[in-house]
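Position 385 (the sequence shown) corresponds to 542 in the working numbering; numbering is contiguous. For every residue, glycine included, the Cβ atom is placed at its ideal position computed from N, Cα and C.
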Amino acid sequence: MSARVLFKGRLLPLSRRALPKVAARPPPLLRARLIASTPLRSDVPTWPNPPLPQGPVGPSDNLTSTASNSGHHKESHRRWYQDWVHSPSFQAALTTVVGLAMVFGAGVGYLQWYKSHVLRRIAKAFEPGYDPALELSTLHAPNAAHIRRREQPLIDSIVAGEHPGGYYLLVGPKGTGKGTMILEAMRKIKAEGAAFVTHPDLEVFRLRLGKALDFDYFEDWQGSLFSRAEPRSGGPQLDVERVMHKLEKVAIQYTRKKGRPLVVAFNNIHLFPNTPEGHALLHQLQQRAESWAEGGIMTMIFSTDDYWCLEMLRKNASRMRVISTSDLSAAESIHALHYLRLQNLSRKHLDPADRPAVEDEEVLRRVYEMVGGRTSYLVKVARAENMLDEAERMIETEKRWLNSKIGLIPEHDDDSTSFLSDLRSFHSCSWLLLRHFAQKFPSFDATPADISDEPPIPDLTIDIADDDINVSEPGLIADNPLLADLKIPEVTYEEARRIMTRTDFIEPLDVLHIVSIDTRHHVRPDSVLILRAAQRVIQEEGFDEALDVTRDRIDQIEGELSSYSC
158 MSARVLFKGR LLPLSRRALP KVAARPPPLL RARLIASTPL RSDVPTWPNP PLPQGPVGPS
218 DNLTSTASNS GHHKESHRRW YQDWVHSPSF QAALTTVVGL AMVFGAGVGY LQWYKSHVLR
278 RIAKAFEPGY DPALELSTLH APNAAHIRRR EQPLIDSIVA GEHPGGYYLL VGPKGTGKGT
338 MILEAMRKIK AEGAAFVTHP DLEVFRLRLG KALDFDYFED WQGSLFSRAE PRSGGPQLDV
398 ERVMHKLEKV AIQYTRKKGR PLVVAFNNIH LFPNTPEGHA LLHQLQQRAE SWAEGGIMTM
458 IFSTDDYWCL EMLRKNASRM RVISTSDLSA AESIHALHYL RLQNLSRKHL DPADRPAVED
518 EEVLRRVYEM VGGRTSYLVK VARAENMLDE AERMIETEKR WLNSKIGLIP EHDDDSTSFL
578 SDLRSFHSCS WLLLRHFAQK FPSFDATPAD ISDEPPIPDL TIDIADDDIN VSEPGLIADN
638 PLLADLKIPE VTYEEARRIM TRTDFIEPLD VLHIVSIDTR HHVRPDSVLI LRAAQRVIQE
698 EGFDEALDVT RDRIDQIEGE LSSYSC
């Protein structure tokens, strides 16, 4: 009979080999016998705590367990996420976001590069080399050579940046060489650290300022394709403010690197309209000039022919320095005329054997007495075949122009408006002032004709290759009647108003370049040429009578207008 063992309530057979091992085991502890009539069954499971009763199960209840529900939920969520990630909508959204991020990053990088590129272009405009205005002035034209004035060394040092801490205003009549001196100073330094700007009006000034500084006012910015507003929609003043903001950054960098300020020259600022818009732009430039002069990073140079610009800038000026220019003296004029004449003859006659001689000093003196020491007039006369005939034609032309502007009409009609009355008053009052000047200035006919016994002026033969002629040599001026200066009559501003009997007619005459007002508030004829033309008009027969009749007619019209208004 085989041995059996009880295991979990079942009798299992036991092999002979395992019998010793089982016999060696210690006997199990005797369990306490339960006092019960029911026998103990080992195959019935028992719990430490009895289970709680469960509620009834309905037909719609989920019979799965909580763990299985949670796992199924995670699995379904994972499956939905994978499906959404691989869906076309997610791929399109991801492509759009990445593309927009790349465009945004490229736009930010392009903007930073463009800003630095603009500053580099402006800085390059101040480097030695090409300058638009300088390139035109250095061409081998008939007027390529210039007359060196007394003020040229001062202008040279200003343009070279040797006078920081201020800005300058050049005031003088038209044709005295203000712009030429600035260009000559720029030519000597090859326009390094300097720029030259001319302008006839606000819009052209905006374009020429951008051309001089190599600034396009952001019109070449590719981001403007997505911009709503035009770059120039704000007007020229806003564009000028933009370029001034960029120029300030360049000036700071240039001053730190070079140790001297930049120089910007604004020529002919009287061409700004004499209106509130022009005044605002002029004050805008002046404010920048004041602040930059204080910091020593920029020196601005303004030049003007008219007096109203000086009055406008003087209101807010604290660091402005005024440089006044006038006509050349007699010695300088004769010297310059001899040089220009020699240069013109040398250009026309290349063979020295066929070249005619320069006119003698009496002819040069006579030309000076006819047209004065205005450099533009001297250049024009020196190019003519006959200088005396050319000077005579210039006087006659000036006389006809003067009559076209302020000519008298004694018995004028169409007196129904006060505007015509004011216009006739302007003409008559202008001739009152011109007659006062003409009577104080010696007539050309009173000039002695025979001056051959006087000692001649020194030899003025000049090497035509040298176009930097100094007309202020001390040895040139001596006790010589040929070199006596013509003193143009002048009156104070207050006296001029009393002579004209009107206070509002002087500045219009200055704008027409009939008279000029200097920095000392002295009023004088604009040039010897205009004074000679006025003398010829006044010397005509019946001029005084025509002036009196015109003024009487104006008084009559004004009396009628006042009676109508009452």
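In terms of residues, what are the limits of the beta strand (DSSP E) holding Ile119?
-> Since the first and last residues shown for the chain are 158 and 723, residue 119 lies out of range.
Ser448 lies in the beta strand (DSSP E); which residues open and close that run?
-> Walking along the sequence shown from the start, residue 448 turns up at place 291. No beta strand (DSSP E) contains Ser448, which is instead part of the alpha helix (DSSP H) from 433–452.
Nearest-angstrom Cβ-Cβ length linking Leu467 and Val328, presumed shorter than 8 Å | Locating residue 467 in the sequence shown gives position 310, where the first residue counts as 1. Locating residue 328 in the sequence shown gives position 171, where the first residue counts as 1. Between Val328 and Leu467 the Cβ distance is about 6 Å, and since that is below 8 Å, they are a contact.
Between which two residues does the beta strand (DSSP E) containing Arg659 stretch?
-> Locating residue 659 in the sequence shown gives position 502, where the first residue counts as 1. Neither: Arg659 is in no beta strand (DSSP E) and is coded neither H nor E.
Count the other CB atoms, across all protein chains shown, that sit within 10 Å of the CB of Asn560; report buried if there are 16 or more and exposed otherwise.
-> Within the sequence shown, the letter at position 403 stands for residue 560. The residue in question, Asn560, is exposed, as its Cβ has fewer than 16 Cβ neighbours within 10 Å.
Would a C-beta distance cut-off of 7 Å place Asp463 and Lys331 closer than the cut-off?
-> Counted from its first residue, the sequence shown places residue 463 at position 306. Counted from its first residue, the sequence shown places residue 331 at position 174. Against a cut-off of 7 Å, the Cβ pair of Lys331 and Asp463 comes out as no contact.
Ordered along the chain, which non-local residues of its own chain (more than five positions away) have a Cβ less than 6 Å from that of Ala369?
-> Residue mapping note: residue 369 aligns to position 212 of the sequence shown, counting from 1. Answer for Ala369: Ala352, Val354, listed in chain order.
DSSP three-state call for Arg550: helix, strand or coil?
-> As a first step, residue 550 is located in the sequence shown; it is residue number 393 there, counting from the start. Reduced to three states, the DSSP call for Arg550 is helix.
How is the beta strand (DSSP E) around Phe353 delimited, first residue to last?
-> Locating residue 353 in the sequence shown gives position 196, counting from the first residue. Element bounds for Phe353: 351–354.
Where does the unbroken alpha helix (DSSP H) through Ser481 begin, and where does it stop?
-> Residue 481 sits at position 324 when you count from the first residue of the sequence shown. Ser481 -> not in any alpha helix (DSSP H); beta strand (DSSP E) instead, spanning 477–481.
Would you call the stretch 416–424 and the stretch 336–353 in contact, with 3 or more CB pairs under 8 Å?
-> yes
Enumerate in chain order the residues of its own chain whose CB-to-CB distance from Leu521 is below 7 Å, with the five nearest sequence positions on each side excluded.
-> By 1-based counting over the sequence shown, the position of residue 521 is 364. Around Leu521: Ile491, Leu494, His495.
Write down the C-beta distance between Ser600 and Gln692 rounded to the nearest angstrom, noting that I regard them as a contact closer than 8 Å.
-> Counting from 1 along the sequence shown, the entry for residue 600 is found at position 443. Counting from 1 along the sequence shown, the entry for residue 692 is found at position 535. Indeed they touch by this definition, with Cβ atoms about 6 Å apart.
Going straight from the alpha carbon of Ala510 to that of Asp546, what length do you get?
-> As a working mapping, residue 510 is identified with position 353 in the sequence shown. As a working mapping, residue 546 is identified with position 389 in the sequence shown. Rounded to the nearest angstrom, the two C-alpha atoms are 26 Å apart.
Contact under 7 Å by Cβ, Ala641 with Ala487 = On the sequence shown, residue 641 is found 484 positions in, with the first residue counted as 1. On the sequence shown, residue 487 is found 330 positions in, with the first residue counted as 1. Taking 7 Å as the Cβ cut-off, Ala641 and Ala487 qualify as a contacting pair.
Could you give the residue range of the beta strand (DSSP E) that holds Val515?
-> For the purposes of this step, residue 515 is taken as residue 358 along the sequence shown, with counting starting at 1. Element bounds for Val515: n/a, residue is neither H nor E.
Cβ neighbour criterion (16 or more within 10 Å) applied to Asp157 = As shown, the chain starts at 158 and ends at 723. That puts residue 157 outside it, with no answer to give.
Cutoff 6 Å; reference Ile454; Cβ partners in own chain excluding five residues on either side | Reading the sequence shown from its first residue, position 297 is the one you call residue 454. Closer than 6 Å at Cβ, skipping near neighbours: Ala408, Ile409, Thr412, Pro418.
In terms of residues, what are the limits of the alpha helix (DSSP H) holding Tyr411?
-> Locating residue 411 in the sequence shown gives position 254, counting from the first residue. Segment 393–415, the alpha helix (DSSP H) holding Tyr411.
Range of the contiguous alpha helix (DSSP H) that encloses Pro245 = Counting from 1 along the sequence shown, the entry for residue 245 is found at position 88. 245–282 is the span of the alpha helix (DSSP H), which, as asked, contains Pro245.
By the 10 Å Cβ neighbour count, where 16 or more other Cβ atoms means buried, how is Ile566 classified, buried or exposed?
-> Position 409 of the sequence shown holds residue 566. So Ile566 ends up on the exposed side.
Could you check the C-alpha separation between Glu697 and Val515 for me, to the nearest Å?
-> In the sequence shown, the residue the question calls residue 697 occupies position 540. In the sequence shown, the residue the question calls residue 515 occupies position 358. About 35 Å.
Classify Phe283 as buried or exposed, calling it buried when 16 or more other Cβ atoms lie within 10 Å of its own Cβ.
-> Residue 283 sits at position 126 when you count from the first residue of the sequence shown. By the 10 Å Cβ count, Phe283 comes out buried.
Please look up how many angstroms separate the CB atoms of Val685 and Gly529, rounded, as I've assumed it's under 8 Å.
-> As a first step, residue 685 is located in the sequence shown; it is residue number 528 there, counting from the start. As a first step, residue 529 is located in the sequence shown; it is residue number 372 there, counting from the start. With a Cβ gap of about 3 Å, Val685 and Gly529 count as contacting.
Going by beta carbon distance, what residues of the same chain come within less than 7 Å of Arg681, once the five residues before and after it are set aside?
-> Translated into positions along the sequence shown, residue 681 becomes position 524. So the qualifying residues of the chain are Ile645, Pro646, Glu647, Val672, Ser673.
Rounded to whole angstroms, what's the CA-CA distance from Asp616 to Glu519? Just pull it up for me.
-> Stepping through the sequence shown from its first residue, residue 616 is reached at position 459. Stepping through the sequence shown from its first residue, residue 519 is reached at position 362. Residue placement at Asp616 is poorly supported in this model, since its pLDDT is 36, which falls under 50; the coordinates are not used for a value here.
Thr707 (DSSP reduced to helix, strand or coil) = What you label residue 707 is simply residue 550 of the sequence shown in a count that begins at 1. Three-state result, Thr707: helix.
Three-state secondary structure (DSSP) at Thr337?
-> As a working note, residue 337 is residue 180 in the sequence shown. Thr337 falls in the helix class under three-state DSSP.
Three-state secondary structure (DSSP) of Ile131 | Any question about residue 131 goes unanswered here, given that the chain covers just 158 to 723.
So what's Thr649 in DSSP terms, helix, strand or just coil?
-> On the sequence shown, residue 649 is found 492 positions in, with the first residue counted as 1. DSSP places Thr649 in strand when its eight states are reduced to three.
Could you tell me whether the stretch 334–343 touches the stretch 394–405, where touching means 3 or more Cβ pairs closer than 8 Å?
-> no
Assuming Glu549 contacts Ile687 (C-beta within less than 8 Å), just tell me the rounded distance between them.
-> For this step, residue 549 is matched to residue 392 along the sequence shown. For this step, residue 687 is matched to residue 530 along the sequence shown. Not quite, the Cβ-Cβ distance comes to about 15 Å (not below 8 Å), so this is no contact.
Do Ser587 and Ile711 have their CB atoms nearer than 7 Å?
-> Taking the first residue of the sequence shown as position 1, residue 587 is located at position 430. Taking the first residue of the sequence shown as position 1, residue 711 is located at position 554. Cβ distance not < 7 Å, so Ser587 and Ile711 don't count as in contact.
Between which two residues does the beta strand (DSSP E) containing Phe423 stretch?
-> Sequence index remark: in the sequence shown, residue 423 carries index 266 (1-based). Counting along the chain, the beta strand (DSSP E) containing Phe423 begins and ends at 419–423.
Helix, strand or coil at Arg385 [DSSP, three-state] | Position 228 of the sequence shown, counted from the start, is the residue given in the question as residue 385. Reliability fails at Arg385, whose pLDDT of 49 lies under 50, so the model's placement of it is uncertain and no value is given.
Tell me whether the beta-carbon of Met469 lies closer than 7 Å to the beta-carbon of Tyr324.
-> For the purposes of this step, residue 469 is identified with residue 312 of the sequence shown, where counting begins at 1. For the purposes of this step, residue 324 is identified with residue 167 of the sequence shown, where counting begins at 1. The answer is no: Cβ separation not under 7 Å.
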